[in-house]
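Written below as structure tokens is the structure these notes are about.
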Amino acid sequence: MRSTGMALNNLDSIASMDDRTAKPAPDHIENLANESNEKPASDNIEDHLDSKLEEADFNVEMPRNYFMTPRVLGTLLAGGLGMFGGTGSFAFVASILDVINEDIGPDPNYVWIGTVNTLMIAIGSTLVGRLSDIFGRRWFIVTANALGLIGCIVCSQAQSITTLIGANVMIGLAASAQTSFAFVIGELVPMKHRYMIGGIMYLFSLPAAGFGPAVANSLVQHAPGGWRWCYYIMIIVNALSTLCFFLFYHPPTFHMLSRKSRFQQLLELDYVGLVLFTGGLIVFLLGLSWGGTVHPWKSGHVIGSLVAGSVALIAFVLYECFMPLKKSLVPMHLFKNLGWVVAVATNALGASIYYGFSIIFPQMVFGIYTNDREYGAVLCCAVPASFMFGVIGASLLNRHIGRQKLQDVVCSAIFTPLLGAMACATVDNKSVILGLVITGCAFVGWVETLAVVGATLSLDDQAEIGAASGIASTIRATTATFATTIYVLVLKNRLGTTIAENVLPALTKTDLPQSSYLSFLSGLSSGSFAGIPGVTSAIIEEGVSAYQQALILAFRTVFLTTLAFSGLNLVLSVFFPNLDSKMTNTVTRTIHQ
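What follows is the structure in structure tokens.
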């Protein structure tokens, strides 16, 4: 097997599955040292040698049987199982949190199960990506999958909401690594196959990411352990992914990537940036999560958290930009790459649209279309399942279609008016709404794939693939949290108006005593009217009809609000990079013996 002049002899032997010791040939080190004298931008020979070692696997010509070796196939299986574990550990239970709270609660803090999961993914993505670039990926990924396994075991035996919240801290941190297939698996295959490999990873997660609500509600209704079977399944999946990663995943080790000792690298880490980033992001996202739920938006808790978090994040950006750091947490020069920036922004906006509909559409289903839990859960799959089919379709066909900018423009131009047109919703046009949301979300999924993999292909330096992908995931999670907060706030405020304009006038035309109005309004939300003085079946029918109309008017406003994000995405699509020239046989890293 040959390598280009840029590849070091030791990694050439790795790509050949040779058992020789992974040390650069002395004459090659000397050449690199001489070359470093011609590059004054490097602080010293050692730093320059590190940069060369990081590039060492690039442009490797792979042997024909490389991808059929047990370690490569086992790693691909591990990546798929990890993706399933990372998405399913929360996707399954997300639609049945109320059932879980009713069983082991009630506890008003049950909403924190989802909140801490999102927080940990947002923070962990950047940390895993950047730190594994420096210290090697193997033990980060193996440990993360093991952490996900432990978290699911704890959740399966939980007897309180507090226990579930604590376990989801572990699950969220694990998911930040488990769902990082874009660099963990993507760097191991030729760049021209990254889209296809992404599709395979998404296929593994389809049962959870696409049909999670239907599967979870079916387990609640029919499995002997009820909701706990969601975690039993994930215990099996996470155990298998941990085992496969441990046995088969052997990417370049720390010593293959750096000539420095671990202690030297630890000394050079960006600890100030780490504190500002993690602290600022946690406090900011907590403020967003608290607003309108745990505390009023005007409360000191919310305002203080948002301001303090914003200040810390601004300080972090300034620190990263102006301090002479050897190992910055976030390589700020990435933001000079327009193609990468547009791909990351497209990814974030796509997620903002998708998660918005994932939250709002189920409320529409159960508020207007059905009271049947299992049937409603199937309808709720319209958003995630169509999104996943779009993701998988784009992954498998992208390389053959090419012209990624045109794909992005066309898909964005299709889903923007389709999803905006959901503002035509009425109580009776369920089929129209399903057609719009299924088609629209499929094209959102297509764009998502363009952006996720495109963010890795558009890099100038593939040695930074972990940091770049991790930052992209953090920006995605943060933007989506911000967007969904806006959607929920708009829905809540609009409902306050539409209920006053529709439900109260309807109740005044009935014989319901005015003293029972508040109890009746509460019954509309809970679905139970038992014990309300003066209520009759006719009054309930009249009130529910008016309430559904109020819901429809509120949902229309939310759907129009999504145009702010989809419209911006449409504008950005014009600047999306064409990546056909990047579809090469270049392999960033290889599995070794």
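When we follow the working numbering, the leftmost residue of the sequence shown carries the number 28, and every step to the right adds one.
Idealized CB from N, CA, C, for every residue including glycine.
Judged by DSSP in its simplified three-state form, Gly-225 adopts helix.
Using a 10 angstroms sphere on the CB of Lys-609, the tally of other CB atoms reaches 16 or more, which defines it as buried. Put simply, of Pro-251, Glu-347 and Ala-339 the residue whose alpha carbon is nearest the alpha carbon of Leu-296 is Glu-347. Contact annotation: Gly-377 and Val-515 have beta-carbon atoms that are not nearer than 8 Å. Taking C-alpha positions only, Thr-269 is separated from Ile-168 by approximately 8 Å. Sorting Ala-573, Gly-383 and Val-143 by C-alpha distance to the C-alpha of Ser-552 places Ala-573 at the top. The DSSP-derived three-state label of Lys-354 is strand.
The secondary-structure analysis by DSSP pairs His-322 across a beta bridge with Gly-318.
In this chain, Tyr-93 is not harboured by any alpha helix (DSSP H), its DSSP state being neither H nor E. DSSP places Leu-606 in the coil class of the three-state scheme, outside both helix and strand. When DSSP states are grouped into helix, strand and coil, Leu-539 belongs to the coil group.
The alpha-carbon of Met-283 is positioned some 26 Å away from that of Pro-351. Met-95 and Gly-300 have their alpha carbons spaced roughly 42 Å apart. Among the bridge pairs identified by DSSP, Leu-296 is matched with Lys-354. Fully contained in the stretch 239-297 is no beta strand (DSSP E) run of length 3 or more. Counting the other Cβ atoms within 10 Å of the Cβ of Cys-179 gives 16 or more, which makes it buried. In this chain, Val-614 is not harboured by any alpha helix (DSSP H), its DSSP state being neither H nor E.
DSSP places Phe-582 in the helix class (H, G or I) of the three-state scheme.
Close CB contacts of Ile-123 within its chain, under the 7 Å cut and outside five residues either way in sequence, are with Ala-243, Asn-244, Val-247 and Trp-254 (chain order). Contact between Val-369 and Leu-599 holds, since their C-beta atoms are separated by about 6 Å, short of 8 Å. In this structure Thr-206 is not in contact with Thr-145, their Cβ atoms being roughly 13 Å apart against a cut-off of 8 Å. For Ser-549 and Leu-578, the gap between their C-alpha atoms comes out near 14 Å. Here the C-alpha atom of Cys-271 lies approximately 22 Å from the C-alpha atom of Phe-117. The criterion of a C-beta distance shorter than 8 Å is satisfied by Gly-493 and Arg-157. In this structure, Met-147 lies away from Ser-232, with their beta-carbon atoms at least 8 Å apart. The DSSP assignment places no complete alpha helix (DSSP H) segment of no fewer than 4 residues inside the stretch 474-518. Straight-line measurement puts the Cα of Ala-533 at about 11 Å from the Cα of Glu-568. Put simply, the backbone Cα of Leu-174 is about 14 Å away from that of Arg-165. Contact between Ser-332 and Val-310 is confirmed by a C-beta separation of about 5 Å, below the 8 Å threshold. Excluding five sequence positions before and after Thr-466, the CB atoms of its chain that fall closer than 6 Å to its own CB belong to Leu-445, given in chain order. If you look at Thr-142, you'll find it in the alpha helix (DSSP H) that goes 139-162. Approximately 28 Å separates the beta-carbon atoms of Ala-448 and Val-371; this is outside 8 Å, ruling out the contact. Val-120 and Cys-257 do touch by the CB rule: their CB atoms are close to 5 Å apart, below 8 Å.
Counted as a single uninterrupted DSSP element, the stretch harbouring Gln-184 is not any alpha helix (DSSP H), since DSSP gives it neither H nor E.
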